[in-house]
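*Asks:* Okay, here's the structure, questions in a sec.
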Amino acid sequence: MRSLTCLLLCLAAVACAPGRGLPDLPAAAPGAYRLGTGDVVRLITVGDDTLTGEFRVNDSGMIALPLLGGVHAAGRTPDGLAHQVSDALVKGNLYTAPSVSVEVTAYRPIFVLGEVSKPGQYPYQPGMTVVTAAAVAGGFTYRAVVDYASVVRTQDNDAIEGKASRQSFIQPGDVITIFERRF
9 MRSLTCLLLC
19 LAAVACAPGR
29 GLPDLPAAAP
39 GAYRLGTGDV
49 VRLITVGDDT
59 LTGEFRVNDS
69 GMIALPLLGG
79 VHAAGRTPDG
89 LAHQVSDALV
99 KGNLYTAPSV
109 SVEVTAYRPI
119 FVLGEVSKPG
129 QYPYQPGMTV
139 VTAAAVAGGF
149 TYRAVVDYAS
159 VVRTQDNDAI
169 EGKASRQSFI
179 QPGDVITIFE
189 RRF
């Protein structure tokens, strides 16, 4: 009788574990990186120093370029933005065959909350996982649930929350919550 009671208590504790009821986080769509609000890009236009520099994607998803004004960048790949700028230079009769390239110099930050030594905002690096994000935030505390975490991600202008394993890849702008163990 005592072992049955102990088993029932263990099952109840596992069922009450924080975050257990969350759906699994959908895998990030494969493919080239899509720019978003807060990213900083370096635009290089060969032969034109006025169109070469670093530009931040603003809250409306635009970058402000000399000679061209606002150019929509959010949701585009860096190559797609380079083609768009190149086409705008041709349409504006500024160049006949411009050579434009775009690279991301600073990604949107990630946010790590909960049972880590130093919760806060951290710079994103390509290839980060939940466990590397926790490591950047000073590592897990002794009370942390280390097997999974909650990740809030914005996709198509909707915030979704899901349970992610330690090895799950994170994206720029993700908010990661490391849960506290109950026992």
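Residue 62 in my numbering sits at position 54 of the sequence shown; the count goes up by one each step and never skips.
Yeah, the Cβ is synthetic: ideal placement off N, Cα and C, and Gly gets one too.
Note that the coordinates shown come from a computational prediction; the quantities given were computed from them, not determined experimentally.
(1) Quick one: what's M70 bridged to in DSSP?
(2) Are the beta-carbon atoms belonging to V138 and V159 less than 9 Å from one another?
(3) What does I168 pair with, by DSSP beta-bridge criteria?
(4) Considering Cα atoms alone, identify which of A172, G46, E62 and T45 is closest to T53.
(5) Go through the stretch 109-163 residue by residue and report every complete run of the beta strand (DSSP E) that reaches 3 residues or more, in order.
(6) For Y103, collect the residues of the same chain with a Cβ closer than 6 Å to its Cβ; drop the 5 residues on either side in sequence, then sort them by chain order.
(7) What does a CB cutoff of less than 6 Å around S173 pick up in its chain, not counting 5 residues either side in sequence?
(8) What is the DSSP secondary structure of L16, counted as helix, strand or coil?
(9) Looking at C-alpha atoms only, which residue of G170, L51, P86 and Q179 is the closest neighbour of R28?
(10) Select from A40, G78, V124 and F119 the residue whose C-alpha is nearest the C-alpha of V2.
(11) Q179 by DSSP, collapsed to three states: which one?
(12) Within a Cβ cutoff of 8 Å, which residues of the same chain sit near R116, ignoring the five residues on either side of it in sequence?
*Replies:* The relevant details are as follows:
(1) H80
(2) yes
(3) R161
(4) E62
(5) 118-122, 128-130 and 156-163
(6) L97
(7) Y156
(8) Unreliable placement is indicated for L16, whose pLDDT of 42 sits below 50; no coordinate value is reported for it.
(9) G170
(10) Summary: the structure shown does not reach residue 2, with the chain confined to residues 9 through 191, and so no result is reported for it.
(11) coil
(12) G44, T45, G46, D47, Y132, P180 and G181
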